[in-house]
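Below you'll find the structure, written out as structure tokens, and then a few comments.
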Amino acid sequence: MANGYIHEEHVIFRKTLRKFLEKEAYSYFGQWEKERQVPRKFWTKMGQNGFLCPWIEEKYGGYGADFAYSVILNEKLERVGQA
Numbered sequence: 012m013a014n015g016y017i018h019e020e021h022v023i024f025r026k027t028l029r030k031f032l033e034k035e036a037y038s039y040f041g042q043w044e045k046e047r048q049v050p051r052k053f054w055t056k057m058g059q060n061g062f063l064c065p066w067i068e069e070k071y072g073g074y075g076a077d078f079a080y081s082v083i084l085n086e087k088l089e090r091v092g093q094a
């Protein structure tokens, strides 16, 4: 599924993120909506798994990933509430 900006690394990132969200987010979304917040524990796990701000330069703790990772991340996070 390669096109102008999606390459094999992006496909792997997308699949890994999807699996993570299926386990850590989908079943909790209703509760989060009711409480009107997403727990810090979730965001900590996102960071520990490399899903937060992967486009930040490596010298600042990121991966220096390209903008496509941001697109994928937003796309998948948006779908959590639709599952």
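Numbering (the numbering used here), first residue to last: 12 to 94. For each residue, glycine too, the CB sits at the ideal point set by N, CA and C.
Residue interval of the alpha helix (DSSP H) (run including residue i)
i	result
residue 89	78-91
residue 23	19-35
residue 44	40-46
Buried/exposed call for residue i, threshold 16 Cβ in 10 Å
i	result
residue 80	buried
residue 23	exposed
residue 25	buried
Three-state secondary structure assigned by DSSP to residue i
i	result
residue 58	helix
residue 71	helix
Own chain residues within Cβ distance below 6 Å of residue i, not counting five before or after
i	result
residue 75	68 and 69
residue 43	49
Beta-carbon proximity list for residue i, same chain, < 8 Å, skipping 5 on both sides
i	result
residue 78	16 and 66
Practice task
For the region 30-39 and the region 49-61, state whether three or more C-beta atom pairs, one from each stretch, are separated by less than 8 Å.
Solution key: yes
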